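Participant:
2 protein chains.
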Amino acid sequence: MNKIKRYNSTDKVMVAVDCIIFGFDNERLKLLLIKRSFEPEIGKWSLMGGFLKKSENLDQAAARVLKNLTGLENIYLEQLYSYSKIDRDPVDRTISVAYFALISIDKYKIQISKDHDAKWFDINDYPKPIFDHSKMIKKALVRLRRKALTYPIGFELLPEKFTMKQLQDLYESIFNKEIDKRNFISKVISLNVLIKTEEKDKSTSKKGAFLYRFDENKYNENKKQGYNLSIKLK
Amino acid sequence: MNKIKRYNSTDKVMVAVDCIIFGFDNERLKLLLIKRSFEPEIGKWSLMGGFLKKSENLDQAAARVLKNLTGLENIYLEQLYSYSKIDRDPVDRTISVAYFALISIDKYKIQISKDHDAKWFDINDYPKPIFDHSKMIKKALVRLRRKALTYPIGFELLPEKFTMKQLQDLYESIFNKEIDKRNFISKVISLNVLIKTEEKDKSTSKKGAFLYRFDENKYNENKKQGYNLSIKLK
DNA sequence: CCAAAAGTGTTTATGATACACCCATGA
DNA sequence: TCATGGGTGTATCATAAACACTTTTGG
Chain U
11 MNKIKRYNST DKVMVAVDCI IFGFDNERLK LLLIKRSFEP EIGKWSLMGG
61 FLKKSENLDQ AAARVLKNLT GLENIYLEQL YSYSKIDRDP VDRTISVAYF
111 ALISIDKYKI QISKDHDAKW FDINDYPKPI FDHSKMIKKA LVRLRRKALT
161 YPIGFELLPE KFTMKQLQDL YESIFNKEID KRNFISKVIS LNVLIKTEEK
211 DKSTSKKGAF LYRFDENKYN ENKKQGYNLS IKLK
Chain L
11 MNKIKRYNST DKVMVAVDCI IFGFDNERLK LLLIKRSFEP EIGKWSLMGG
61 FLKKSENLDQ AAARVLKNLT GLENIYLEQL YSYSKIDRDP VDRTISVAYF
111 ALISIDKYKI QISKDHDAKW FDINDYPKPI FDHSKMIKKA LVRLRRKALT
161 YPIGFELLPE KFTMKQLQDL YESIFNKEID KRNFISKVIS LNVLIKTEEK
211 DKSTSKKGAF LYRFDENKYN ENKKQGYNLS IKLK
């Protein structure tokens, strides 16, 4: 190919990534927000974000932003949606590509970077964030709910070993809805992606609850047949 | 708010929108591609695209691109995904936000702009397009299939009045799969969004087939209960 | 021994699938 | 009258939902 003129660059814009970081603390679904230490909107709650660099793609930028805040790598990240309202950022024309991340809060000992004033909030009770971040969070939750029905998100949100109660709590928290224990367990078992270990977690009862692990191989074998954890959404 | 320094602008990039334009000609689902009249990749098939301007948001840019090619306004457009591989466009660093559009090919007398060499292709038989457009098209088809199960896309893809056969052909074409006529019709009727008119289309049979219309009010009333046109995807 | 959480099955209801014949009409 | 596409109903099967009691054990 011969030399080609570069495109007219008068319309170049800043591209940001913002991360909706979901975490599960083995009881409730949480959302990680930071208190902004810079203008604009200093002191207000915000999603963790950053600008896309010339040397990276969007997935990489989102991973960098996430690592910057949590120190974690190889975390589940999925692109959500791109936001482009002209004045969404009062400083400069910026479009933002939102990503959402899924983290098991205690699987890793998360060291939230001291550079940031960050806090986990319950997914049903968090402060109003800046800009259009509220829209992003709502859309991420919708996406997470859909994903939870067709993909074993417990892989990402639960520790290595977990009890059925924890798995059920995760789903109840995501859907903000009580689920019948018997139906839930028999459905989950029938999906055939869990391995029951010999171990018990005695931290919440005298009897103790068996610990389970996800089996990625089983999941990969079975996923052709479809994975569907129907939960009635009234 | 006081004057705030603009963000460092060394990392500004071009933002493009590319439109995956689906159309239904009352027989098969089609895809509209253009033959590029400019470098790079002149003469190859491509999605219709354009660059985001400072004065518009992404939805507006996509609508402008679509109007530019087809002359149509108020067409269903949905943002699909943002593509950002560093060298995806060989000329300059560009990220592209893909949108997909749904058009009833004969509901409007589409005047494809003579400025473009455009052509409708069958969704199962189209030429390999440039850059990452093939990935975009595949993702758009996945999205369309999901959408078809939960939203009456016939609103967008069919003419004002249509026969059950046309509606079924649309779904068979989208899913590339034969569907049982009796099951399909009774399922569609049960969704309670169609109005049967007194008119018949006699163009394909001596007996004639009743024409139906979508009823947007019925749809809006019923959608709280969910809209689900289960089609077995083997 | 008892409080508290873990564990376990069955029945019913709903919805999906499979399947085949009659109808209306213009040529 | 007959060829062609239009229109219709039922029986079976799979899965979701509703529902309550027994087990275990540390304190």
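Protein chains in written order, with this note's numbering: chain U, 11 to 244; chain L, 11 to 244.
We put the CB at the ideal spot given by N, CA and C, even for glycine.
In this text, all values refer to a predicted model and were calculated from it rather than measured experimentally.
Interface residues of chain U around F224 of chain L at Cβ under 9 Å?
Facilitator: For the purposes of this step, residue 224 of chain L is taken as the residue at position 214 of the second sequence. Simply none; closest approach about 25 Å.
Participant: Which ranges does the alpha helix (DSSP H) cover as unbroken runs of at least 4 residues, wholly within the segment 154-239 of chain L, from first to last along the chain?
Facilitator: The qualifying runs are 164-167, 174-185, 191-201 and 226-232.
Participant: Please state whether DSSP places T80 of chain U in a helix, a strand or coil.
Facilitator: Here residue 80 of chain U corresponds to residue number 70 of the first sequence, with the count starting at 1. Of the three classes helix, strand and coil, the one that applies to T80 of chain U here is helix, per DSSP.
Participant: By DSSP, does V25 of chain U sit in helix, in strand, or in coil?
Facilitator: For the purposes of this step, residue 25 of chain U is taken as the residue at position 15 of the first sequence. The answer is strand: DSSP assigns V25 of chain U an E or B state.
Participant: Just checking: is the beta-carbon of K157 of chain L within a distance shorter than 8 Å of some beta-carbon in chain U?
Facilitator: Residue numbering aside, residue 157 of chain L sits at position 147 when the second sequence is read from its first letter. Taking Cβ atoms only, chain U never reaches closer than 8 Å to K157 of chain L, which makes this a no.
Participant: Using the rule of at least 16 other Cβ atoms within 10 Å of the residue's Cβ for burial, across every protein chain shown, is T160 of chain L buried or exposed?
Facilitator: As a working mapping, residue 160 of chain L is identified with position 150 in the second sequence. So T160 of chain L counts as exposed.
Participant: Which of the three DSSP states, helix, strand or coil, is assigned to V101 of chain L?
Facilitator: The residue labelled residue 101 of chain L in the question sits at position 91 within the second sequence. V101 of chain L: coil per DSSP, three-state reduction.
Participant: When the Cβ atoms of the segment 48-60 of chain L are set against those of the segment 184-204 of chain L, are three or more pairs found closer than 8 Å?
Facilitator: The segment 48-60 of chain L is not in contact with the segment 184-204 of chain L.
Participant: Does DSSP classify T20 of chain U as helix, strand or coil?
Facilitator: Indexing the first sequence from 1 puts residue 20 of chain U at position 10. In this structure, T20 of chain U counts as coil in the three-state DSSP scheme.
Participant: Any Cβ of chain U within less than 8 Å of the Cβ of L62 of chain L?
Facilitator: Taking the first residue of the second sequence as 1, we reach residue 62 of chain L at position 52. Chain U contact via Cβ: present.
Participant: Does the beta carbon of K233 of chain U sit closer than 8 Å to a beta carbon anywhere in chain L?
Facilitator: The residue labelled residue 233 of chain U in the question sits at position 223 within the first sequence. Chain L, which has no Cβ nearer than 8 Å to the Cβ of K233 of chain U, makes this no.
Participant: Between G154 of chain L and chain U, is any beta-carbon pair separated by less than 8 Å?
Facilitator: Locating residue 154 of chain L in the second sequence gives position 144, counting from the first residue. Note on identity: in this sequence residue 154 of chain L is Leu, with Gly being the wrong assignment. No, because no Cβ of chain U sits closer than 8 Å to the Cβ of L154 of chain L.
Participant: Indicate whether at least one CB of chain L lies closer than 8 Å to the CB of R250 of chain U.
Facilitator: The shown model of chain U, from 11 to 244, leaves out residue 250 of chain U, and the question about it has no answer.
Participant: Got a sec, what are the start and stop residues for the beta strand (DSSP E) K40 of chain U sits in?
Facilitator: Within the first sequence, the letter at position 30 stands for residue 40 of chain U. Segment L39 to K45, the beta strand (DSSP E) holding K40 of chain U.
Participant: Buried or exposed: which applies to S65 of chain U, given that a residue is buried once 16 or more other Cβ atoms fall within 10 Å of its Cβ?
Facilitator: The residue you call residue 65 of chain U lines up with position 55 of the first sequence. So S65 of chain U counts as exposed.
Participant: For a contact meaning CB atoms closer than 7 Å, what does K22 of chain L contact in chain U?
Facilitator: Working through the second sequence from its first residue, we reach residue 22 of chain L at position 12. Neighbours of K22 of chain L on chain U, chain order: K22, V23 and M24.
Participant: Against Y91 of chain L, what residues of chain U qualify as contacts under a CB-to-CB distance less than 7 Å, listed in chain order?
Facilitator: Walking along the second sequence from the start, residue 91 of chain L turns up at place 81. The answer, in chain order, is Q89.
Participant: What are the boundary residues of the beta strand (DSSP E) that E49 of chain L is part of?
Facilitator: The sequence position of residue 49 of chain L within the second sequence is 39, counting from 1. That residue, E49 of chain L, is in no beta strand (DSSP E); it is neither H nor E in DSSP.
Participant: Given a cut-off of 8 Å, decide if S123 of chain U and G81 of chain U are closer than it, judged by their beta-carbon atoms.
Facilitator: Against the first sequence, residue 81 of chain U aligns to sequence position 71. Against the first sequence, residue 123 of chain U aligns to sequence position 113. Cβ distance < 8 Å, so G81 of chain U and S123 of chain U count as in contact.
Participant: Quick check on R192 of chain L: buried or exposed, where buried means 16 or more other Cβ atoms within 10 Å of its Cβ?
Facilitator: The sequence position of residue 192 of chain L within the second sequence is 182, counting from 1. Classification for R192 of chain L: exposed.
Participant: Thinking C-alpha only, which one of U:R38, U:L62, U:K148 and U:D21 is nearest K187 of chain U?
Facilitator: Start at 1 with the first residue of the first sequence, and residue 187 of chain U comes out as number 177. The shortest C-alpha separation from K187 of chain U is found at U:R38.
Participant: Would you mind telling me which residues of chain U sit closer than 9 Å to S240 of chain L, beta carbon to beta carbon, in chain order?
Facilitator: Here residue 240 of chain L refers to the residue found at position 230 of the second sequence. Simply none; closest approach about 11 Å.
Participant: For I115 of chain U, tell me which candidate among U:L201, U:K149, U:R223 and U:L167 has the shortest Cα-Cα distance.
Facilitator: Within the first sequence, numbered from 1, the residue matching residue 115 of chain U stands at position 105. I115 of chain U has its Cα closest to that of U:L167, out of U:L201, U:K149, U:R223 and U:L167.
Participant: I need the straight-line Cα distance from I30 of chain L to D135 of chain U, nearest angstrom please.
Facilitator: Mapped onto the second sequence, residue 30 of chain L falls at position 20. Mapped onto the first sequence, residue 135 of chain U falls at position 125. The straight-line gap from Cα to Cα measures roughly 39 Å.
Participant: Per DSSP, I115 of chain U is paired with what?
Facilitator: Reading the first sequence from its first residue, position 105 is the one you call residue 115 of chain U. None; I115 of chain U has no bridge partner.
Participant: Return the chain-ordered list of same chain residues with a C-beta closer than 7 Å to the C-beta of A72 of chain L, the five sequence neighbours on each side being excluded.
Facilitator: Within the second sequence, residue 72 of chain L is the residue found at index 62, counting from 1. Answer for A72 of chain L: V27, C29, L87 and Y109, listed in chain order.
Participant: Hey, is Y184 of chain U's beta-carbon within less than 8 Å of any beta-carbon in chain L?
Facilitator: Taking the first sequence and counting its residues from 1, the one referred to as residue 184 of chain U is at position 174. With the sequence shown as reference, residue 184 of chain U is identified as Ile, and Tyr is not the correct amino acid for it. Judged by the 8 Å Cβ criterion, I184 of chain U is not in contact with chain L.
Participant: What are the partner residues of L87 of chain U, as DSSP defines its beta bridges?
Facilitator: Mapped onto the first sequence, residue 87 of chain U falls at position 77. Answer is U:A111, bridged to L87 of chain U.
Participant: Consider the Cβ of N78 of chain L: report whether some Cβ of chain U lies at a distance smaller than 8 Å.
Facilitator: If you number the second sequence from 1, residue 78 of chain L lands on position 68. For N78 of chain L, the answer is no, since every Cβ of chain U falls outside 8 Å of its Cβ.
Participant: Would you please verify whether the beta carbon of M11 of chain U is less than 8 Å from any beta carbon of chain L?
Facilitator: Position 1 of the first sequence, counted from the start, is the residue given in the question as residue 11 of chain U. At M11 of chain U, the pLDDT of 38 sits below 50, so the modelled position is not reliable and the matter cannot be decided from this model.
Participant: Taking A111 of chain U and L76 of chain U to be in contact with their CB atoms under 8 Å, please state how far apart those CB atoms are, rounded to whole angstroms.
Facilitator: The residue you call residue 111 of chain U lines up with position 101 of the first sequence. The residue you call residue 76 of chain U lines up with position 66 of the first sequence. The pair is a contact, with the Cβ atoms about 6 Å apart (cut-off 8 Å).
Participant: Using the beta-carbon of each residue, which ones in chain L are nearer than 7 Å to I96 of chain U?
Facilitator: As a first step, residue 96 of chain U is located in the first sequence; it is residue number 86 there, counting from the start. Per Cβ cutoff of 7 Å: N67.
Participant: When you compare only the Cα positions, how much space is there between K95 of chain U and K149 of chain U?
Facilitator: As a working note, residue 95 of chain U is residue 85 in the first sequence. As a working note, residue 149 of chain U is residue 139 in the first sequence. C-alpha separation (whole angstroms): 16 Å.
Participant: In whole angstroms, give me the CA-to-CA distance for R223 of chain U and K129 of chain U.
Facilitator: Within the first sequence, numbered from 1, the residue matching residue 223 of chain U stands at position 213. Within the first sequence, numbered from 1, the residue matching residue 129 of chain U stands at position 119. For R223 of chain U and K129 of chain U, the distance between alpha carbons rounds to 29 Å.
Participant: Can you say whether Q235 of chain L is buried or exposed, counting buried as having 16 or more other CB atoms within 10 angstroms of its CB?
Facilitator: Within the second sequence, residue 235 of chain L is the residue found at index 225, counting from 1. Exposed, by the Cβ-count rule.
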